[in-house]
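Beneath this line is the structure, given in C-alpha cells, with notes to follow.
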Amino acid sequence: MTILDTYKKVLSRELKKFPRGIWNNITVEEIKTTIDYFLNNLLQYSDEDINNKLKFSIFKKYKLCGLMKYFNNSPYELLKLVYPDKNFRKENIKRKGSLRIVHEKFDGGSWLILKKIGKKQFECVGVYHTRREAYSNKIHFMEAI
11 MTILDTYKKV LSRELKKFPR GIWNNITVEE IKTTIDYFLN NLLQYSDEDI
61 NNKLKFSIFK KYKLCGLMKY FNNSPYELLK LVYPDKNFRK ENIKRKGSLR
111 IVHEKFDGGS WLILKKIGKK QFECVGVYHT RREAYSNKIH FMEAI
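Here our numbering is used: the first residue of the sequence shown is 11, the next is one more, and so on.
Encoded structure:
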C-alpha cells in the first residue's frame with residue numbers, strides 16, 4: 011500500500027490516523043504524489059491560490075501535520091521540494107504558530123504571554139505567575155492563530 015492510498019483511507023475515515031512511523035521512510039516521489047493529490051484534487055488550488063490561500067492550518071485540517079514536521083512546519087519548504095520549478099512567495103505562505111511566550115524575571119518570574127499581530131508587533135495577552143494559571147485562563151502555549 012502506498013502513502014497516497016493510506017492518505018485516502020485516513021481522509022475517508024477507514025483509518026483513524028496514519029500508522030506510526032509512516033513518514034520516516036517516505037521517498038521524495040511519494041511526497042510529491044501525495045502533495046500533488048492534496049493541492050490539485052482535494053483543494054483544487056491553482057498556483058495563485060497556493061500563493062494566497064495556503065497555510066499550515068489547511069495541512070492540519072487535511073491531516074498532514076506529521077509530514078509537515080519534517081519541513082519545520084513550513085508549507086513553503088514543502089512546496090520548494092514538490093515544485094522546484096515554480097516560484098512561490100515565501101511571505102504569503104503562512105507557517106504554524108504565532109503565539110510567543112517570553113519568560114522574564116519580573117515579579118518573581120511571572121510569564122508574559124505575547125500574541126503576534128504583525129510582522130514585528132506583539133500584543134500582550136496576559137501576565138501569569140505560573141503556567142497552570144495561564145492554562146486555567148484558557149491560554150494555550152504555542153497555539154496558532
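The C-beta atom is built at its ideal place from N, Cα and C for all residues, glycine as well.
Check, Outcome
"What is the DSSP secondary structure of residue 118, reduced to helix, strand or coil?", "Unreliable positioning characterises residue 118 in this predicted model, as indicated by a pLDDT of 48, which lies under 50. A coordinate reading is not provided."
"Spell out a yes or no on whether the segment 17-33 and the segment 62-82 are touching, meaning 3 or more CB-CB pairs, one atom from each, closer than 8 Å.", "yes"
"Buried or exposed: which applies to residue 155, given that a residue is buried once 16 or more other Cβ atoms fall within 10 Å of its Cβ?", "The predicted model places residue 155 with a pLDDT of 36, which falls under 50 and marks its position as unreliable; any figure quoted below should be read in that light. Exposed: under 16 other Cβ atoms inside 10 Å."
"Roughly how many angstroms lie between the CA atoms of residue 87 and residue 14, to the nearest whole one?", "20 Å"
"Can you find at least 3 beta carbon pairs, one from the segment 12-26 and one from the segment 57-69, that sit closer than 8 Å?", "no"
"Closer than 7 Å by C-beta to residue 117: which residues in its own chain qualify, once you throw out the five before and the five after it? Chain order, please.", "Reliability of the predicted coordinates at residue 117 is poor, the pLDDT of 44 falling under 50, and no value is obtained from them."
"Taking the DSSP output, what are the residues bridged to residue 65?", "104"
"Out of 90, 48, 11, 40, state which residue places its alpha-carbon closest to the alpha-carbon of residue 70.", "48"
"Can you look up residue 95 in the DSSP assignment and give me helix, strand or coil?", "coil"
"Rounded to whole angstroms, what is the Cα-Cα separation between residue 40 and residue 103?", "22 Å"
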